[in-house]
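Residue numbers (the numbering used here): 1 to 339.
Idealized CB from N, CA, C, for every residue including glycine.
Report on the following structure.
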């Protein structure tokens, strides 16, 4: 699978229905216009480009489902800030937080043929984490145009009822292995295959009940290093479910004030990346734009980035991993009084 084309390269299934593209959008739930998702209505790429303040907005679109016996799981990459989701007029879920992904099983809300997805989003810049979003009408200083509503991808994932829920990779450079912590919804057979450059270099399997942890020795060593983002690709099977992912074999630690990567001292020359785009605001126009940001920073002599006051798109993080480009994530805490 080409992980670069997936909405979430760390957790990708084959049966996916992309819901990005043209939606209907309204500021008052009365007058509707077209918007291009996943670009926020303040952005020019959305087709709206309204930069003033609004505390509530509405989205809707029709879609069909092709479950083939699977569950239909609706995913949102990020919606700023408080979201309510309805399918065919019935409440499905709500989510609070403008920077974190969420999902909902919408199987029981769907019907044969056409369905309607309806979203209500409320937003403000008061007592919530808003990062670098301006609370004035225009950008000023280091505060920039606001983002309201959907700003990362929306998609439906089709998965069997007995399915993989989560997994975590812990690389072990010294033992040339990876520990996999696998979580599923039930009991069943599992298999984990690890590939390097298309070749099978490690495998494990057996029967698990909801959760298991397994160490997988790796036949070949390819360390993740600065400028050389070697990645192992992983295929995880559980009953009839299949998920694709990846990891880098690397070890990070501190020796006093020295930062060590795979036991070697590395000076972190990081650019401050605020993740704003002139035409998309929080959302890059395409993958090529993300790649170009990494390329330019690398050519200027930086070996990584401090991702400032924003949770970045998983596709961007995957491109950083592939490039051997270090990133330090920083949650957008500005706007919250922790005193």
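Pairing residue 78 with residue 203, the inter-Cα distance amounts to about 34 Å. Residue 128 is bridged by DSSP to nothing; it lacks a bridge partner. Under the three-pair Cβ rule at 8 Å, the segment 67-83 counts as touching the segment 96-111. The segment 96-184 contains, as complete beta strand (DSSP E) runs of 3+ residues, the segments 102-105, 114-122, 154-159 and 164-172 (chain order). The beta strand (DSSP E) runs lying completely inside the segment 29-54 and spanning 3 residues or more are 33-37, given in chain order.
Secondary structure at residue 318: helix, using DSSP grouped into helix, strand and coil.
Residue 42 and residue 146 do touch by the CB rule: their CB atoms are close to 6 Å apart, below 8 Å.
According to the DSSP assignment, residue 18 belongs to the beta strand (DSSP E) that extends over 16-18.
Looking only at 28, 113 and 250, the smallest Cα-Cα distance to residue 57 is reached by 28. With a beta-carbon spacing of about 16 Å, residue 229 and residue 270 fall beyond the 8 Å limit used to define contacts. Per DSSP, residue 298 is one residue of the alpha helix (DSSP H) stretching across 287-299. Looking at the backbone, the Cα of residue 38 and that of residue 175 are separated by about 42 Å.
DSSP links residue 188 through a beta bridge to 208.
Using a 10 angstroms sphere on the CB of residue 142, the tally of other CB atoms stays under 16, which defines it as exposed. Within the same chain, 265 come within 7 Å of residue 258 by CB-CB distance, once the 5 residues on both sides are set aside.
Residue 272 carries a strand assignment under DSSP once its states are collapsed to helix, strand and coil. Looking at 128, 324 and 274, the one whose alpha-carbon comes closest to that of residue 330 is 274. Distance check between residue 166 and each of 243, 310, 300 and 223 places 243 closest, using alpha-carbon atoms only. The shortest C-alpha to C-alpha distance from residue 90 to any of 97, 106 and 98 is the one to 106. At a Cβ-Cβ threshold of 7 Å, residue 216 and residue 184 do not count as neighbours. CA-to-CA, the gap between residue 196 and residue 219 works out to about 10 Å.
In this structure, residue 222 and residue 249 form a Cβ contact; the two beta carbons are roughly 6 Å apart against a cut-off of 8 Å.
Under DSSP, no beta-bridge partner is assigned to residue 283. With a beta-carbon spacing of about 25 Å, residue 211 and residue 231 fall beyond the 8 Å limit used to define contacts.
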